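K.L.:
Going by this note's numbering, the sequence shown wraps up at 198, each residue one higher than the last.
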Amino acid sequence: MNMDIGKVPGTYVLILEVKSPLIKDVGVLGELYFKPGVYAYAGSALGPGGLLGRISRHVNKSKRVKWHIDYLTTDGRVDVKAIVYTETYLKHECCLAKNLAEYGEVVKGFGSTDCKQGCIGHLVYFGEQDARSVVKITCDVFTLCELNPSVLWL
């Protein structure tokens, strides 16, 4: 893990690759089908562990399932390819999720059951696009949301 990411608050987007079809029982959302391809998940890290704590948790496969994204990140058929992030004390994940949705297919309800801004979901499917293309789109979306993105490749 790049130690340049500190315990500072921030907003991030995980770039994930689902390597084969998945059917997962995702808590209150029930059974969901995940097609192979690249996904982007928008989240915030405003707690005491900040970006370092949250991102470290997401890349660790061994953890208690707590959030929707954990159902994917704990699966051996899913890889976190990159993280686009920025330091901020404000929640910008909804701006990111809504704008990323313009480029892909939103997984309804995923990561947004407690969303107060009416997001359809915080996970977007980009199909067979490669991770580099999705990182580029994500960086453009950060700029659109008036955020300065940094990228960590895994």
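Beta carbons: idealized from backbone N, C-alpha and C, even for Gly.
Because the structure is a prediction, the values reported are computed rather than measured.
Enumerate in chain order the residues of its own chain whose CB-to-CB distance from Phe186 is below 6 Å, with the five nearest sequence positions on each side excluded.
P.N.:
Cβ neighbours of Phe186 beyond the five flanking positions: Pro193.
K.L.:
Determine, using beta-carbon pairs with one atom in the segment 74 to 83 and one in the segment 99 to 106, whether at least three such pairs fall under 8 Å.
P.N.:
Not touching, per the Cβ criterion.
K.L.:
What first and last residue would you give for the alpha helix (DSSP H) that runs through Leu198?
P.N.:
First-last for Leu198: undefined, no H or E at that position.
K.L.:
Can you grab the Cα-Cα spacing for the pair Phe154 / Trp111, in whole Å?
P.N.:
Distance between the alpha carbons of Phe154 and Trp111: 9 Å.
K.L.:
DSSP on Glu146, reduced to helix/strand/coil?
P.N.:
Reduced to three states, the DSSP call for Glu146 is helix.
K.L.:
Any idea if Val122 is buried or exposed, counting beta-carbon neighbours within 10 angstroms, 16 or more meaning buried?
P.N.:
With 16 or more other Cβ atoms within 10 Å, it is buried.
K.L.:
Strictly by DSSP, which residues pair up with Thr157?
P.N.:
Looking at the DSSP assignment, Thr157 forms no beta bridge with any residue, so it has no partner.
K.L.:
So Lys51 and Gly93 are in contact, right, with Cβ under 8 Å, and what is the actual spacing, rounded?
P.N.:
Confirmed, Cβ separation roughly 6 Å.
K.L.:
Pull up the distance between the alpha-carbon of Ala89 and that of Ile49, whole angstroms please.
P.N.:
Approximately 12 Å, taken between the alpha carbons.
K.L.:
If you follow the beta strand (DSSP E) that Val62 is part of, which residue opens it and which one closes it?
P.N.:
Val62 -> beta strand (DSSP E) spans 54 to 62.
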